Amino acid sequence: MVYEVQGVVVRSKNAPATIETILVPEPGPGEALVDILTSGVCHTDLHYKQGSISDDFPFLLGHEATGIVSGVGPDVTNIAVGDRVILNWRAVCGTCRACAKGKPQYCFNTHNATQKMTLRDGTELSPALGIGAFIEKTLVAAGQCTRVDTESDAAAIGLLGCGVMAGIGAAINTGEVQRGESVAVIGCGGVGIAAIAGAQLAGATTIIAVDIDQAKVDMALSLGATHGVNSRETDPVEAIRALTGGNGADVVIEAVGRPETYRQAFYARDLAGRVVLVGVPTPEMMIELPLLDVFGRGGSLRSSWYGDCLPSRDFPMLVEQYARGRLNLDAFVSERIGLADIESAFEKMHAGTVLRSVVELS
């Protein structure tokens, strides 16, 4: 059987996102069919639209999603029809060198559905991050589905599928923030504020939010930061040092992805401190640092891929923290919209007026 459903497609670079009829096949071996409940509008979707990730158009957008499993392939055992799941783009293979080392969170061979979803004329679609969730029903690899509690707000927990997990994981998994440590986060968009939430969850006692936009600093202060720095008005390196006894922060998380902010992060950490890059740079960006400073400051410089998360481990734990009131995922849901509102959501994202617009399909 082939299902005809509605989904959001971008056909060429910077073309408008349009609602199209999409053909979705029955799941084959290792695959699952998921009825989408919610999907967050993420910067990655905008990058696909702009052609800055690849030119494999047309793209089926959307990936930060929750849904209900409505079909599984014959060999699927990790999920069953009726399960509520969060979708992820790290379906670990179990056999690559990272998995063999017992570090599946760094799996080098994550996989997606084998079959393709298509337009009515047979044109194959490239689903964003192997998911494609701005659609009523999508086809994914079964390993991209993590079963979670059915009572939590789908719009809130679905954001763990990408940006919120990237930020929380940058603090907890990559930065390994410990109780009582100081943390500075440079860049207070959705990922940066999620890093602040992660630092708070880990027990950091000093959490410094840095941004050039005072409104974002104020939002960060309302969501867990203990101090705010407007870096348009104040040198952030000096401000972070002043707030940490003149030493610098134990962990500095760079959530912008630019050379100038990475340099700030490098010099704003304490001796033997950790720098975590979770902001995504563009290919042409370069940075130059004195090698003696790299040596002399010690510590570590780390990059965080998807918050170094393992969905099967991290998603249920964070959903439980949300259910207990220790992780305010509701605050990340700025608005709830329909499929027809996605272009408007991209404009709001670009203007920085939302943390997340969330598409609700059921």
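Mapping to full-length UniProt numbering: the sequence shown position 78 is 78, numbers consecutive.
Virtual Cβ for every residue (Gly too), placed ideally from N, Cα, C.
The structure presented is a predicted model; accordingly, all values stated were derived computationally and were not measured.
Assuming residue i contacts residue j (C-beta within less than 8 Å), just tell me the rounded distance between them.
| i | j | result |
| --- | --- | --- |
| T206 | S222 | About 17 Å separates the two Cβ atoms, so there is no contact after all. |
| V275 | A255 | Actually they are not in contact, since the Cβ atoms of V275 and A255 sit about 12 Å apart, beyond 8 Å. |
| V359 | L329 | Wrong, their Cβ atoms sit about 16 Å apart, outside the cutoff. |
| D56 | S126 | 4 Å |
| P236 | Q264 | 5 Å |
| L139 | P27 | 6 Å |
Could you check the C-alpha separation between residue i and residue j for me, to the nearest Å?
| i | j | result |
| --- | --- | --- |
| E335 | L243 | 34 Å |
| G122 | L310 | 35 Å |
| V148 | P316 | 6 Å |
| T146 | I79 | 8 Å |
| M117 | I135 | 11 Å |
| A170 | G161 | 14 Å |
| Y106 | T261 | 26 Å |
| V92 | G307 | 15 Å |
| P259 | A268 | 14 Å |
| F346 | G298 | 41 Å |
| E124 | Q214 | 44 Å |
| Q321 | L201 | 9 Å |
| A15 | K49 | 7 Å |
Name the DSSP beta bridge partners of residue i, please?
| i | result |
| --- | --- |
| E4 | L23 |
| K137 | D35 |
| L329 | L329 is not bridged to any residue. |
| H227 | I208 |
| I287 | Partner(s): none; I287 has no beta bridge. |
| P127 | L60 |
| V10 | F59 |
| G71 | L33 |
Once you ignore the five residues that flank residue i on each side, which residues in its own chain have a CB closer than 6 Å to its CB?
| i | result |
| --- | --- |
| A154 | L37, T38 and T66 |
| P203 | Per the sequence shown, the amino acid found at residue 203 is Gly instead of Pro. Answer for G203: R179, listed in chain order. |
| A239 | V229 |
| D35 | G67, I68, S70 and K137 |
| residue 410 | Since the first and last residues shown for the chain are 1 and 362, residue 410 lies out of range. |
| E176 | none |
Excluding five sequence neighbours on each side, which residues of the same chain lie with their C-beta closer than 7 Å to the C-beta of residue i?
| i | result |
| --- | --- |
| P74 | P29 |
| residue 417 | Within the shown structure, residues of the chain are numbered from 1 to 362, placing residue 417 beyond reach of any answer. |
| C42 | H63, E64, C162 and G163 |
| S303 | L277 |
Residues in its own chain within less than 8 Å of residue i by CB, not counting five upstream and five downstream?
| i | result |
| --- | --- |
| T18 | V8, V9, V10 and R11 |
| A323 | D149, E151 and S152 |
| N247 | R241, D270 and L271 |
- prompt: Okay, do the region 188 to 195 and the region 338 to 357 touch, 3+ Cβ pairs below 8 Å being the bar?
  reply: yes
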